[in-house]
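Q: Heads up: the protein sequence lines correspond to chains A and B, in order. In terms of the working numbering, the first sequence is residues 453 to 1043. In terms of the working numbering, the second sequence is residues 212 to 470. Note that CB positions come from ideal geometry on N, CA and C, so glycine has one too.
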Amino acid sequence: MPSLLLSRRDLEFLLYEWLDVELLTKRPRHAEHSRETFDAVLDLAEQVATRDFAPHNKKADENEPTFDGTTVTLIPEVKKALDVFAQTGLIASGMDESVGGMQLPGVVAGACFAFFQAANVGSSSYPFLTIGNANLLMAHGTPEQVDTYVRPMVEGRFFGTMCLSEPQAGSSLADVTTRAVPQDDGSYRLFGNKMWISAGEHELSENIVHLVLAKIPGSPPGVKGISLFVVPKVVVETGERNDVVLAGLNHKMGYRGTTNTLLNFGEGVHTPGGQPGAVGFLVGEANRGLPYMFHMMNEARIGVGSGAMALGYTGYLKSLQYARERPQGRPVAAKDPSAPQVPIIAHADVKRMLLAQKCYVEGALALVLYCNRLLDDERTAETQEDREQAHLLLDTLTPIAKSWPSQWCLEANSLAIQVHGGYGYTREYDVEQHYRDNRLNPIHEGTHGIQGLDLLGRKVVMQGGQGLALLHRTISATAARASGDLADLGAQLQASADRVVEVTGQLWATGDPEVALANASVYLEAVGHVVVAWLWLEQLLAAEGRTGDFYDGKRVAGRFFFRYELPRTGPQLDLLASLDRTTLDVKQAWL
Amino acid sequence: MNIVVLVKQVPDTWAERKLDATDKTLDRASVDVVMNEIDEYAVEEALRIQADQGGEVTIVSMAPDRGVETIRKALSMGADKAVHLSDPALHGSDAVQTSYALAKVLGTLEYDLVIAGSEATDSRMAIMTPLLAERLGQPQLSGARKVTVDGGTVRIERQTDNGYDVVEASTPAIVSVVEKINEPRYPSFKGIMAAKKKPLTTLTLADAGIEADRVGLASAPSQVVEFSNKPPRQAGQIVKDEGDGGVKVAEYLASQKLV
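1. Enumerate in chain order the residues of its own chain whose CB-to-CB distance from glycine 942 of chain A is below 6 angstroms, with the five nearest sequence positions on each side excluded.
2. Give me the subset of the segment 529–547 of chain A whose CB atoms are less than 9 angstroms from a CB atom of chain B, sorted by chain position.
3. Quick one: does glycine 489 of chain A have its CB under 8 angstroms from some CB of chain B?
4. Should leucine 817 of chain A be labelled buried (16 or more other beta-carbon atoms within 10 Å of its own) or exposed?
5. Quick one: which chain B residues come within Cβ less than 7 angstroms of glutamate 484 of chain A?
6. Just checking: is the beta-carbon of alanine 492 of chain A within a distance shorter than 8 angstroms of some beta-carbon in chain B?
7. Assuming valine 560 of chain A contacts methionine 590 of chain A under a Cβ cut-off of 8 angstroms, what Cβ separation, rounded to an integer in Å, is found between them?
8. Based on Cα-Cα distance, which residue from A/Asp637, A/Phe580, A/Tyr887 and A/Lys854 lies nearest to leucine 867 of chain A?
9. Is the CB of methionine 605 of chain A under 8 angstroms away from at least one CB in chain B?
10. Assuming threonine 382 of chain B contacts leucine 320 of chain B under a Cβ cut-off of 8 angstroms, what Cβ separation, rounded to an integer in Å, is found between them?
11. Does any residue of chain A bring its CB to less than 8 angstroms from the CB of serine 304 of chain B?
12. Taking Cβ to Cβ, would you say glycine 687 of chain A is nearer than 8 angstroms to valine 633 of chain A?
13. Name, please, each residue of chain B whose Cβ falls closer than 8 angstroms to the Cβ of glutamine 499 of chain A.
14. State buried or exposed for glutamate 345 of chain B, treating a residue as buried only when at least 16 other CB atoms are found within 10 Å of its CB.
15. Listing by chain order, which chain A residues have their CB less than 7 angstroms from the CB of lysine 229 of chain B?
16. To the nearest angstrom, report how far apart glutamine 445 of chain B and tyrosine 463 of chain B are at their CA atoms.
17. When we look at the beta-carbon of proline 517 of chain A and count the other beta-carbons within 10 Å, is it buried (16 or more) or exposed?
18. Helix, strand or coil: how does DSSP classify alanine 785 of chain A here?
19. Using a Cβ cut-off of 9 angstroms, pull out every chain A residue sitting near arginine 283 of chain B, in sequence order please.
20. Closer than 7 angstroms by C-beta to alanine 314 of chain B: which residues in its own chain qualify, once you throw out the five before and the five after it? Chain order, please.
21. If you check the beta carbons only, do serine 575 of chain A and alanine 533 of chain A fall under 8 angstroms apart?
22. Residues of the segment 705–728 of chain A in Cβ contact with chain B at a cutoff of 7 angstroms, in chain order, please.
23. Please report how far the alpha carbon of isoleucine 260 of chain B lies from the alpha carbon of asparagine 393 of chain B, in whole angstroms.
24. Closer than 8 angstroms is the cut-off here; do at least three beta carbon pairs connect the segment 886–905 of chain A with the segment 761–777 of chain A?
25. Would you mind telling me which residues of chain A sit closer than 9 angstroms to serine 287 of chain B, beta carbon to beta carbon, in chain order?
26. What does serine 272 of chain B pair with, by DSSP beta-bridge criteria?
27. Please tell me whether methionine 590 of chain A has its Cβ less than 8 angstroms away from any Cβ of chain B.
28. Against chain B, does methionine 914 of chain A count as a neighbour if the rule is that its beta carbon must be under 8 angstroms from one of theirs?
29. Would the beta-carbon of leucine 665 of chain A fall within 8 angstroms of that of glycine 584 of chain A?
30. Does any residue of chain A bring its CB to less than 8 angstroms from the CB of phenylalanine 400 of chain B?
31. When Cβ atoms are compared, which residues of the segment 289–320 of chain B fall closer than 7 angstroms to chain A?
32. If leucine 922 of chain A sits next to threonine 832 of chain A, beta carbons under 8 angstroms apart, how far is it from one beta carbon to the other, in whole angstroms?
33. Using the three-state DSSP reduction, which class does glutamate 267 of chain B fall into: helix, strand or coil?
34. Find the nearest neighbour of alanine 978 of chain A within the set A/Tyr875, A/Ala738, A/Trp860 and A/Gln569, judged by alpha-carbon distance.
35. Go ahead and pull the three-state DSSP assignment for proline 595 of chain A.
36. Applying a beta-carbon distance threshold of less than 8 angstroms, which residues of chain A neighbour lysine 391 of chain B?
Set out below in structure tokens:
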């Protein structure tokens, strides 16, 4: 039966016919791989996701984790699924051979992981965070830290977290107050509270490796005084319980299989080494914690985009199946009320909702895979220049890769509910849970608003605007390749990309960042649509000359995006160009 | 304890399975193919016996070139090596001919046990292990839900309608297994990478000493003469409950031999 998680056919089209990932096997890092191993690991991921993750998705939602003051309890299926995930070696799929990894290209590893996010986003959060944590320590940890923490994470014995936010400091990390006090033996003791920590406490693994942002007394104020520490739940060297404890679980709208926690560090509940304070170890250099953490955050942001895409994708496939099977009503032109009803997919408005979902989720999948492919290029492209270009383009696209799927694949989930009608609003069907789960994605790992500020305030102006210039050149090259039947789309895309550059210049020409950034979220949305239009044109070019329903489906969805979606950017860019001050000038009392 | 596992590549259970209109053989080209599901249990059982007793596990499969995908999967689960019998002349061979060809391949190998799934999802004949036992003159233990090996003796629990029989034989023996026997493992990522380097021998008819006129569609003892699509599903029967609905439903189920 075709999967209702993701379309394997679409994945194969994007990986092999568009992104040509087989070329990556020519690079030394991936020389042991081939199309055969890529297919086998995609098969494996799809199978494990289908058999071990999807079946308990609803049960985990209905039975959220509980805390009795001592122990967090989850339904047993979560641990069983995570054990299978670890035993099959999927945690280490993209990691270095030196730690037991398989050096799978990131773009293929990302495609594999999307199956788990579609099947059960709650359970897949644990390996998601563990992989990001291990990758950060691989990049910035000492060899001892790699041995102590990364190897057990690769084996699935330890799980990881990232601890950034505090009750009073979420988006504003400059205001974190957790203290890290140096000790004579070179370690630190941490004191403070961390909020919204996913996977912060559970009994799923032998140990939990927290990566914690904290300030060393005397360090500079603001983000330049933040350092990064590894704080294990159990001190590995002594086996003692560390002084990091769960204050409570947050009860959420979705993602209920993932424990989300408030953690207290250093409150003296445990006294490792005979004294209170959570034992921690500095990662890298002091006061460079935020750049290190962004190593994990940037991957995590693409991963959040992937999760949003996966939830949108599975909702689309389920609503498509429902629309094919649900008889209701007759064609508008039908006169005979006794004529048999037609499946709802025959109705134009239902087709519109399915097309909108298709262009959102397939566009988002293309965006996420493209960014993962850039991650590979950043790491293994042949020349230094190619690696730098990949890094610059990826840096520019990251806020879009995070936000665009979070916004539009959530909209896809809303449409999936709409296609189901009243049934979609009930818990009998999966789509309402997908919507609730997906509602997190515009919030965590940097809210929508933060991503807008990042794109307009940082990414498009960094290095004298080189990131935006590179994006514009790359889009223009695609537009220039569009000829014949696609020429009109190429022209429309080129005009939109030119307008983005023009409006960006107008926004910053004022020299007033307050005015420039007042509508950064609108900017994010407009540029996101232009980027996804570009990736749709890329897909249509890859499908050129090919026949059959799959390729015709690509062509109609691509044209739908250009006809129904891309024109939205016109009024948005006009609003931005007008330097509208409404959001600045509105008085708080008027709201 | 050297074990051979017979593995068959079949159309995906969920795919629409069709016969080729031109020669009335199974259309394998236009559908997704997978390892016959029960064969995964056979591979798993062999690996478990190997873990206990040592020796080698060899996969044997008769299939077109594409069959190598299924063989690799069995190797990625942990089998040591494989033999792929692949020759265009085998196309259209029926069960009797297939058993002849497989028996010839088995004749080139040293083994204590041959393990196979009890039936394939495409042909549903459940006949291969008895045919092989007959050809090889070796005992057959069919329908195993449990297998134990003790020296030169293999003992199984044979699944029956009401329970199980205990049956034993001396090795070498041919064993077929049912789904109750175990829970097949997934291939691991390491296994997938290792499978690429495991020995895979491809044999033609000549390599295996198979006489060409004893296999293939033209000389098949059984031939598909004609086929047609399944008739459309009949309308359902509505039972009106007039106080005796339960009885009527029970009678209906009994008449269909469902209870």
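A: Let me lay it out:
1. As a first step, residue 942 of chain A must be located in the first sequence, where it is residue number 490. Excluding residues up to 5 positions away in sequence, Ala931 and Ala934 lie with their Cβ nearer than 6 angstroms to the Cβ of glycine 942 of chain A in the same chain.
2. Here the close residues are Val536, Gln539, Thr540, Gly541, Leu542, Ala544 and Ser545.
3. Taking the first sequence and counting its residues from 1, the one referred to as residue 489 of chain A is at position 37. The residue you asked about is not glycine; residue 489 of chain A is threonine in the sequence shown. Closer than 8 angstroms: yes.
4. Here residue 817 of chain A refers to the residue found at position 365 when the first sequence is read from its first residue. The residue is buried, with at least 16 neighbouring Cβ atoms inside 10 Å.
5. Numbered from its first residue, the first sequence carries residue 484 of chain A at position 32. By Cβ distance, chain B contributes Met404.
6. In the first sequence, counting from the first residue as 1, residue 492 of chain A sits at position 40. Answer yes: the Cβ-Cβ gap between alanine 492 of chain A and chain B drops below 8 angstroms somewhere.
7. Taking the first residue of the first sequence as 1, we reach residue 560 of chain A at position 108. Taking the first residue of the first sequence as 1, we reach residue 590 of chain A at position 138. With 8 angstroms as the limit, valine 560 of chain A and methionine 590 of chain A do not qualify as a contact, their Cβ atoms being about 19 angstroms apart.
8. Here residue 867 of chain A refers to the residue found at position 415 when the first sequence is read from its first residue. When only C-alpha atoms are compared, the closest one is A/Tyr887.
9. Within the first sequence, residue 605 of chain A is the residue found at index 153, counting from 1. False, the Cβ-Cβ gap to chain B never drops below 8 angstroms.
10. Against the second sequence, residue 382 of chain B aligns to sequence position 171. Against the second sequence, residue 320 of chain B aligns to sequence position 109. Actually they do not touch by this definition, with Cβ atoms about 14 angstroms apart.
11. Working through the second sequence from its first residue, we reach residue 304 of chain B at position 93. Not closer than 8 angstroms to any Cβ of chain A, the Cβ of serine 304 of chain B fails to qualify, so no.
12. Translated into the one-based positions of the first sequence, residue 687 of chain A becomes position 235. Translated into the one-based positions of the first sequence, residue 633 of chain A becomes position 181. Before going on, a small fix: residue 687 of chain A reads as valine here, not glycine. No; because the gap between Cβ atoms is not below 8 angstroms, this pair is not in contact.
13. As a position in the first sequence, residue 499 of chain A is number 47, starting the count at 1. For the C-beta of glutamine 499 of chain A, the chain B residues within less than 8 angstroms are, from N- to C-terminus, Tyr397.
14. Locating residue 345 of chain B in the second sequence gives position 134, where the first residue counts as 1. Under the 10 Å beta carbon count, glutamate 345 of chain B is surrounded by fewer than 16 other beta carbons and is classified as exposed.
15. Working through the second sequence from its first residue, we reach residue 229 of chain B at position 18. Neighbours of lysine 229 of chain B across chain A, judged by C-beta separation under 7 angstroms, do not exist; the nearest C-beta is about 17 angstroms away.
16. Residue mapping note: residue 445 of chain B aligns to position 234 of the second sequence, counting from 1. Residue mapping note: residue 463 of chain B aligns to position 252 of the second sequence, counting from 1. C-alpha separation (whole angstroms): 15 angstroms.
17. Along the first sequence, read from residue 1 onward, the residue named residue 517 of chain A stands at position 65. For proline 517 of chain A, the number of other beta carbons within 10 angstroms of its own is at least 16, and it is reported as buried.
18. Here the question's residue 785 of chain A lines up with position 333 in the first sequence. Correct three-state label for alanine 785 of chain A: coil.
19. Your numbering for residue 283 of chain B matches position 72 in the second sequence. What arginine 283 of chain B touches in chain A, judged by beta-carbon distance under 9 angstroms, is Glu488 and Ala492, going in chain order.
20. Numbered from its first residue, the second sequence carries residue 314 of chain B at position 103. Counting only residues of its own chain and dropping the five nearest sequence neighbours on each side, alanine 314 of chain B has a CB closer than 7 angstroms to the CB of Leu343, Arg346 and Leu347.
21. On the first sequence, residue 575 of chain A is found 123 positions in, with the first residue counted as 1. On the first sequence, residue 533 of chain A is found 81 positions in, with the first residue counted as 1. Taking 8 angstroms as the cut-off, the Cβ atoms of serine 575 of chain A and alanine 533 of chain A count as close.
22. Of all residues in the segment 705–728 of chain A, none has a Cβ within less than 7 angstroms of some Cβ in chain B.
23. As a first step, residue 260 of chain B must be located in the second sequence, where it is residue number 49. As a first step, residue 393 of chain B must be located in the second sequence, where it is residue number 182. Each residue's Cα considered, the two are about 12 angstroms apart.
24. In this structure the segment 886–905 of chain A touches the segment 761–777 of chain A; the number of beta carbon pairs closer than 8 angstroms is three or more.
25. Indexing the second sequence from 1 puts residue 287 of chain B at position 76. Going along chain A in sequence order, the residues near serine 287 of chain B (Cβ under 9 angstroms) are Ala492 and Leu496.
26. By one-based count along the second sequence, residue 272 of chain B stands at place 61. B/His295.
27. Walking along the first sequence from the start, residue 590 of chain A turns up at place 138. No, methionine 590 of chain A lies away from the interface with chain B (no Cβ there is under 8 angstroms from its Cβ).
28. Within the first sequence, the letter at position 462 stands for residue 914 of chain A. So no, methionine 914 of chain A is outside the interface.
29. By 1-based counting over the first sequence, the position of residue 665 of chain A is 213. By 1-based counting over the first sequence, the position of residue 584 of chain A is 132. No, the Cβ-Cβ distance between leucine 665 of chain A and glycine 584 of chain A is not below 8 angstroms.
30. The count along the second sequence starts at 1 and reaches residue 400 of chain B at position 189. Cβ-Cβ to chain A under 8 angstroms: yes for phenylalanine 400 of chain B.
31. Within the segment 289–320 of chain B, no residue has a Cβ that lies closer than 7 angstroms to any Cβ of chain A.
32. Stepping through the first sequence from its first residue, residue 922 of chain A is reached at position 470. Stepping through the first sequence from its first residue, residue 832 of chain A is reached at position 380. Approximately 19 angstroms separates the beta-carbon atoms of leucine 922 of chain A and threonine 832 of chain A; this is outside 8 angstroms, ruling out the contact.
33. As a working note, residue 267 of chain B is residue 56 in the second sequence. Three-state result, glutamate 267 of chain B: coil.
34. As a position in the first sequence, residue 978 of chain A is number 526, starting the count at 1. Of A/Tyr875, A/Ala738, A/Trp860 and A/Gln569, the residue nearest in Cα terms is A/Trp860.
35. Translated into positions along the first sequence, residue 595 of chain A becomes position 143. Assignment of proline 595 of chain A by DSSP, reduced to helix, strand and coil, places it in the helix class.
36. What you label residue 391 of chain B is simply residue 180 of the second sequence in a count that begins at 1. Under the 8 angstroms cutoff, chain A gives no residues; its nearest Cβ is about 18 angstroms from lysine 391 of chain B.
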